[in-house]
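In the working numbering, the protein residues as written are -11 to 245.
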Amino acid sequence: MAQAIQSRGPVTGTAVTTKKRRKFFLLDLYGTAVGKKYAMAISGIMLVGFVLVHMVGNLKMYLGAEDFNHYAEFLRELLVPILPRTVVLWLLRFGLLAAVGVHIHAAMSLTRLNRKARSVKYQSPRDYQVATFASRTMRWTGIIVFLFVFWHLADLTWGFANNVGVDAADGEFVRGDAYGNVVRSFERVPVAVLYIVANIALGTHLFHGVWSLFQSMGWNNPKFKKWRKNIAIAVSTLVVVGNVSFPIAVLAGIVGK
Ligand code: HEM
-11 MAQAIQSRGP VTGTAVTTKK RRKFFLLDLY GTAVGKKYAM AISGIMLVGF
39 VLVHMVGNLK MYLGAEDFNH YAEFLRELLV PILPRTVVLW LLRFGLLAAV
89 GVHIHAAMSL TRLNRKARSV KYQSPRDYQV ATFASRTMRW TGIIVFLFVF
139 WHLADLTWGF ANNVGVDAAD GEFVRGDAYG NVVRSFERVP VAVLYIVANI
189 ALGTHLFHGV WSLFQSMGWN NPKFKKWRKN IAIAVSTLVV VGNVSFPIAV
239 LAGIVGK
């Protein structure tokens, strides 16, 4: 406001062009609460898409080591020979990383905006009609999922968190043996429990996230309220049931070496 008053030209006289530099329109939009909500919703759609596809891809575990590792290799070989090996995978990784960055930044700045706009606490219940627990815990489930992903990469991609290589034939972490690494990791009960807890947190986060993204994108016609709720339930249930099934299947000996 103060800035707007300062940049206003003289009251009388001919029009004066101000030197205020125009931002790229997307950055301008991101400067508004509505823009941040769009950013959260669009990055959220990308992340939900990844989580769903990742879960479906992981179902290959039930077909055995060869199929699972073949799928991992297929991801590295996407669009070969049009592009060199792993290029598409890296592009997808950068896209995912950007989505995570935007999602977290938008969430933090929206929280800041909300706090500034409302110094007095809500006196009546907020718009928590659908997911009271899920909506109230968004920040915490988000932090749990974020920390989990870091640990998960350290466990299965970089191989230093859980030392799964110790149980491998040559005692080394085997980068190309995704199946063996998953099995060796999930055979450890505390690790299996960690994956289960993290995925329940993820499901809770997804439930409210999917519900609210319809609102943020303006797809909130009251006629489809039931659909929105059903889609949110379906997506979060699919992801949780699929992902939780893997550690349980390993511990139960259904999936193994
Ligand atoms: C129990 C469920 C899960 C299993 C069995 C699983 C398994 C795997 C495996 C085998 C890899 C590849 C490791 C490698 O060879 O580099 C991987 C990568 C990854 N996973 Fe999971 N994952 C699970 C859940 C999740 C969840 C819930 C998320 C996110 C919320 C997630 C995010 C990632 C990411 C970001 C990568 C790295 C992808 C890449 O850089 O190629 N995973 N996961």
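Quick reminder that beta carbons are idealized off the backbone N, C-alpha and C, glycines included.
Nearest chain C C-beta to residue i closer than 9 Å, yes or no?
i	result
T99	The question asks about chain C, but that chain is absent: this structure has only one protein chain.
Give me the residue from the options with the minimum Cα distance to residue i.
i	options	result
L201	L17, A27, F13 and A21	A27
V170	R103, F234 and F212	F234
F195	F212, W78, V177 and R216	R216
D165	E175, V177, V152 and A240	V152
G230	S123, H42 and I92	H42
Q203	V133, V243, I92 and A29	A29
I242	G191, A53 and V228	A53
A157	K11, F13, T20 and K245	K245
R103	V162, A21 and F13	A21
E256	L14, R9, L239 and L15	As displayed, the chain neither begins before -11 nor continues past 245, which places residue 256 out of reach and without an answer.
I188	R124, L15, I132 and R9	I132
V177	F136, I236 and Y167	I236
L144	R163, F134 and A105	R163
F82	R9, V154 and S31	S31
V232	V179, K214 and N209	V179
According to DSSP, simplified to helix, strand and coil, what is residue i?
i	result
D143	helix
A119	For A119, the predicted model reports a pLDDT of 46, less than 50, meaning its position is unreliable; a value from the coordinates is still stated below. A119: coil per DSSP, three-state reduction.
T99	helix
V250	Past the edges of the chain, shown from -11 to 245, lies residue 250, and the structure says nothing about it.
W207	coil
F12	coil
T192	helix
R81	helix
M(-11)	Because the pLDDT of M(-11) is 45, which lies under 50, any placement of that residue in the model is unreliable, and the number read from its coordinates should be weighed accordingly. M(-11): coil per DSSP, three-state reduction.
D55	helix
I242	coil
A149	coil
G19	coil
A157	coil
G164	coil
T129	helix
E61	helix
R176	coil
V198	helix
R73	coil
Whole-angstrom Cβ separation of residue i and residue j, contact assumed at under 8 Å?
i	j	result
V198	S224	7 Å
Y18	K25	Not really, about 10 Å apart at Cβ, beyond 8 Å.
L64	L77	For the record, residue 64 in the displayed sequence is Arg; it is not Leu. Rounded, the Cβ-Cβ distance is 6 Å, consistent with contact.
L226	L40	7 Å
T192	A105	About 26 Å separates the two Cβ atoms, so there is no contact after all.
For the ligand MG, I want to know if residue i counts as a neighbour, meaning its beta carbon is within less than 8 Å of at least one of the ligand's heavy atoms.
i	result
L51	This structure does not include the ligand MG; its bound ligands are the ligand HEM.
Spell out a yes or no on whether the segment 80 to 97 and the segment 46 to 56 are touching, meaning 3 or more CB-CB pairs, one atom from each, closer than 8 Å. no
Segment contact, 8 Å Cβ cut-off, at least three pairs: the segment 132 to 151 with the segment 181 to 197: yes
Is the segment 125 to 135 close to the segment 56 to 68, with three or more CB pairs under 8 Å? no
Is the segment 148 to 158 in contact with the segment 204 to 223, if contact means three or more CB pairs nearer than 8 Å? no
Evaluate the contact criterion for the segment 80 to 90 versus the segment 21 to 41: three or more CB pairs, one atom per stretch, below 8 Å. yes
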